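Position one of the sequence shown corresponds to residue 1 (the UniProt record's numbering), numbered consecutively onward.
Quick reminder that beta carbons are idealized off the backbone N, C-alpha and C, glycines included.
Remember, predicted model here, so these are calculated numbers, not experimental data.
Note sheet for the following structure.
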Amino acid sequence: MPSSKPKPSEVATETKRHYLPTIKARYANRTHSYLFQQPLEQIPLHSYPCLQTVSPPQFHICTGDAVDYTIEWEEQVNQRIPFICAANDKKPGGDWETGVVGYEERLCRRSSLFATLSTPGPESRIPSNYPVPSEGGIYSEFVVVFRGPHDQYKKLDHWNDLPVVSIPPARWPKLNQMGTKYAFPLERDLVKNKIRAALRICVYYRYTSVVIGDFGLGNGYRNPPQELAELWREVFLYDPDLRGRFEYVAFCFEDAMQSTAKLILDDIAKKTKGGHSSDSKSKSKSHSSSSSSSSHSHSHSHAHAHSHGGPTVPSDFEIFQHVFDRSEIQEVISRPDPRYGISMLTS
């Protein structure tokens, strides 16, 4: 039987021709956004009140659609909660009018996000929000959601709205040989600053809860999931401007089985295999013995990670579950931390 799932391009066309004009007309004074070119410099937080305690937030690691999760959470607690969305830095919604499957593209097809991103707010002094600087972000206070998730793009009888913070993640950063960490400290610092920028925007608008999707993960971005999770944790627990400002944090994974670590390892193994194949052709017969021995041992280390008898490569969901497990959080904050004596005490 033919699938009843509509084509993404057809959904995008209907959104652009029907839904967006309707929403712009109905909510003309709210369908806009604000670009923060340098949130770390533009948003001083010393005058913003912290929570009564500097205890860690309550972390929730869940599965499902992140926007649906945010909307349901908003309804339960009767307050607005922002969703941090991985964004295209060149144009609003990226290639949302085609079949591209990034989360921002899919969200643009089912909501007014494209319209808000395309429209700088009335106090803006810029004609366009794009391109977004490397440590910049866009805040859309009022994004109307009128369709369900991309598996069916079901039209909703009751429309909902939520705030969205759009931040461009690092895309395919250079990693170390094992693919577990960023290759350069500057790359790691950039990713950390993107996280700080997103959360700083949330604090600026007085939010104390936040939902984060698989930001920077999957085949489109390929950030090392373990180090990325630890960076989020580091910022929430230790950043002198942000610690003590969030009560609840949810990381929501649409695909509980997605493993960015496996994507990275598979790519390393593929490149290693191809490199050794090329090398073997260029080596003389007198060197073939030592070369093949080196190749075998190096390839074996990668093959072991994927063999049936070897360790299982964890999913992104599993990694974040471990990094943000309550006992793990307590263990981390109980360790002496070198930052405590400097930034923590001077904050």
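Does DSSP classify residue i as helix, strand or coil?
i, result
"residue 293", "Low local confidence applies: a pLDDT of 31 at residue 293 is under 50, so the model's placement there is unreliable, with the coordinate-based value given in what follows. Here residue 293 sits in helix by DSSP."
"residue 236", "helix"
"residue 163", "strand"
"residue 91", "coil"
"residue 225", "helix"
"residue 8", "helix"
"residue 304", "Because residue 304 sits at a pLDDT of 33, beneath the cut-off of 50, its placement in the model cannot be relied upon, and the point is left open."
"residue 13", "helix"
"residue 207", "coil"
"residue 284", "Because residue 284 sits at a pLDDT of 41, beneath the cut-off of 50, its placement in the model cannot be relied upon, and the point is left open."
"residue 97", "coil"
"residue 241", "coil"
"residue 51", "coil"
"residue 312", "coil"
"residue 80", "coil"
"residue 269", "helix"
"residue 170", "coil"
"residue 261", "helix"
"residue 231", "helix"
Roughly how far, in whole angstroms, is the beta-carbon of residue i from the beta-carbon of residue j, given that I think they are within contact range, below 8 Å?
i, j, result
"residue 20", "residue 115", "5 Å"
"residue 81", "residue 98", "So it is not a contact: roughly 30 Å between Cβ atoms."
"residue 195", "residue 145", "About 25 Å; that fails the 8 Å criterion."
"residue 353", "residue 260", "There is no way to answer for residue 353, as the model of the chain reaches only from 1 to 347."
"residue 85", "residue 216", "Their Cβ separation, rounded to whole angstroms, is 11 Å, which puts residue 85 and residue 216 out of contact at 8 Å."
"residue 164", "residue 198", "Between residue 198 and residue 164 the Cβ distance is about 11 Å, and since that is not below 8 Å, they are no contact."
"residue 148", "residue 264", "Rounded, the Cβ-Cβ distance is 32 Å, inconsistent with contact."
"residue 245", "residue 237", "The pair is not a contact, with the Cβ atoms about 12 Å apart (cut-off 8 Å)."
"residue 16", "residue 152", "In fact, because the Cβ distance is near 19 Å, the residues do not count as touching under 8 Å."
"residue 30", "residue 142", "4 Å"
"residue 211", "residue 83", "5 Å"
"residue 120", "residue 55", "Actually they are not in contact, since the Cβ atoms of residue 120 and residue 55 sit about 38 Å apart, beyond 8 Å."
"residue 40", "residue 193", "6 Å"
What are the partner residues of residue i, as DSSP defines its beta bridges?
i, result
"residue 429", "With the chain running from 1 to 347 in the structure shown, residue 429 is simply not present."
"residue 36", "137"
"residue 144", "161"
"residue 182", "175"
"residue 155", "147"
"residue 111", "145"
"residue 127", "Answer by DSSP bridge pairing: none, since residue 127 is not bridged."
"residue 120", "33"
Between which two residues does the alpha helix (DSSP H) containing residue i stretch?
i, result
"residue 43", "Residue 43 -> no alpha helix (DSSP H), and no H or E assigned at all."
"residue 189", "185–204"
"residue 316", "316–323"
"residue 23", "20–26"
"residue 334", "326–334"
"residue 67", "66–77"
Which residue marks the beginning of the beta strand (DSSP E) containing residue i, and which one marks its end?
i, result
"residue 86", "83–86"
With a threshold of 9 Å between beta-carbons, can residue i be considered close to chain D, or not?
i, result
"residue 115", "Looking at the structure shown, chain D is missing, and only one protein chain is on hand."
Comparing the CB of residue i with every heavy atom of the ligand PLP, is any distance shorter than 8 Å?
i, result
"residue 314", "For the structure depicted, the ligand PLP is absent and the ligand set is empty, with no information on it obtainable."
- prompt: Between the region 312–329 and the region 221–234, do three or more beta carbon pairs fall short of 8 Å?
  reply: Taking a cut-off of 8 Å for Cβ pairs, the region 312–329 and the region 221–234 touch, as three or more such pairs fall below it.
message: Assess contact between the region 44–55 and the region 199–210, defined as three or more Cβ pairs (one per stretch) separated by less than 8 Å. Is contact present?
response: The region 44–55, when compared against the region 199–210, does touch it at the 8 Å Cβ threshold.
field: Cβ contact check for the region 246–259 and the region 51–68: 3 or more pairs under 8 Å
entry: Counting C-beta pairs with one atom in each stretch, the region 246–259 and the region 51–68 have three or more that are closer than 8 Å, which means they touch.
- request: Examine the Cβ distances between the region 126–139 and the region 172–184 and report whether three or more of them are shorter than 8 Å.
  value: Touching, no.
- request: Take every Cβ of the region 88–105, pair it with every Cβ of the region 120–131, and state whether three or more of those distances are shorter than 8 Å.
  value: By the C-beta criterion, the region 88–105 is judged to be in contact with the region 120–131, since at least 3 inter-stretch pairs fall below 8 Å.
query: Contact between the region 156–165 and the region 119–126: three or more CB pairs below 8 Å?
result: By the Cβ criterion, the region 156–165 is not in contact with the region 119–126, since fewer than three pairs of Cβ atoms, one from each stretch, lie closer than 8 Å.
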